[in-house]
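To start, the structure under review is shown below, and the notes come after it.
Residue numbers (this note's numbering): 96 to 327.
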């Protein structure tokens, strides 16, 4: 399985360096941003698995960065803040933060929270929502019934195809490598060619896309893999 990626956003270089070193030692891939605009650009470009986000940034606030990310992704967000008032914490949670760590903090404690949240997300990969609907119901992914509907008609997907589509649909804009999709949809000990994913993607497109030459839902990111682009 590929390494999980954490984006650290803080304008204090010392904090970024300490957190980065702990995450690297724990086996994570790390991205660094020192302001909100760079953070959002990196997020769109690299699609991290988790964001560690400071509230006090020099350009746009951490709350606004959180708000923008939540419009397009369910990626876990841990807020770093010197604010301890209940109202401030509740505001962050209402914006979609998953956890808070108040400054000064123990890097070990932050690492433990990162690992705990990512374990939880992995465990809940197929239960984040019973039903996902895109483009005013044009495409519906129903995890409870384990079925997909396109324009009101049930689509016959194989179990592997369903896992691939459901996983991608729950994390819009995240770019999935073939290795990640294999880990999600196939057996952990699968040793075959990762290009098998391309065949599954081709089959899914034939079943859910109006135009397979210009796919709306399963989009190719050349040189990397695939992402879900279905909108809301």
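No residue lacks a Cβ here, since even glycine has one placed at the ideal position from N, Cα and C. What you are looking at is a predicted structure, and each value in this text was computed from that prediction instead of being measured.
Cβ-Cβ distances below 8 Å link residue 111 to 103, 105, 127, 129 in the same chain, with the five nearest sequence neighbours on each side left out; the list follows chain order. In this chain, residue 265 is not harboured by any beta strand (DSSP E), its DSSP state being neither H nor E. Per the C-alpha coordinates, the member of 276, 309, 298, 301 positioned closest to residue 320 is 276.
The beta carbon of residue 172 sits closer than 7 Å to the beta carbons of 146, 148, 161, 164, 191, 192, 193 from its chain, once the five residues preceding and following it are set aside; these are given in chain order. For residue 138, the enclosing alpha helix (DSSP H) begins and ends at 131-141.
Pairing residue 324 with residue 229 gives a Cβ-Cβ distance that is not under 7 Å. Counting only runs of 4 or more residues that sit fully inside the stretch 102-127, the alpha helix (DSSP H) segments are 108-120, in chain order. Non-local C-beta neighbours of residue 252 in its own chain, meaning closer than 6 Å and more than five positions away in sequence, comprise 243, ordered along the chain.
Counting the other CB atoms within 10 Å of its CB gives residue 316 a total below 16, which places it among the exposed residues. In the DSSP assignment, residue 250 is bridged to 243. In this structure, 143 is the residue among 143, 152, 260, 236 with its C-alpha nearest to the C-alpha of residue 168. Here residue 249 is exposed, its C-beta having fewer than 16 other C-beta atoms within 10 Å. DSSP places residue 238 in the coil class of the three-state scheme, outside both helix and strand. A direct Cα-to-Cα measurement between residue 108 and residue 98 gives close to 24 Å. Taking C-beta separations shorter than 7 Å and ignoring five residues to either side along the sequence, the partners of residue 307 in its chain run 300, 301, following chain order. Per DSSP, the beta bridge partners of residue 148 are 104, 174. Spatial neighbours of residue 212 in its own chain (CB-CB distance under 8 Å, excluding positions within 5 residues in sequence) are listed in chain order as 145, 171, 173, 193, 194. Put simply, of 265, 273, 200, 113 the residue whose alpha carbon is nearest the alpha carbon of residue 176 is 200. For residue 278, the enclosing alpha helix (DSSP H) starts and ends at 273-280.
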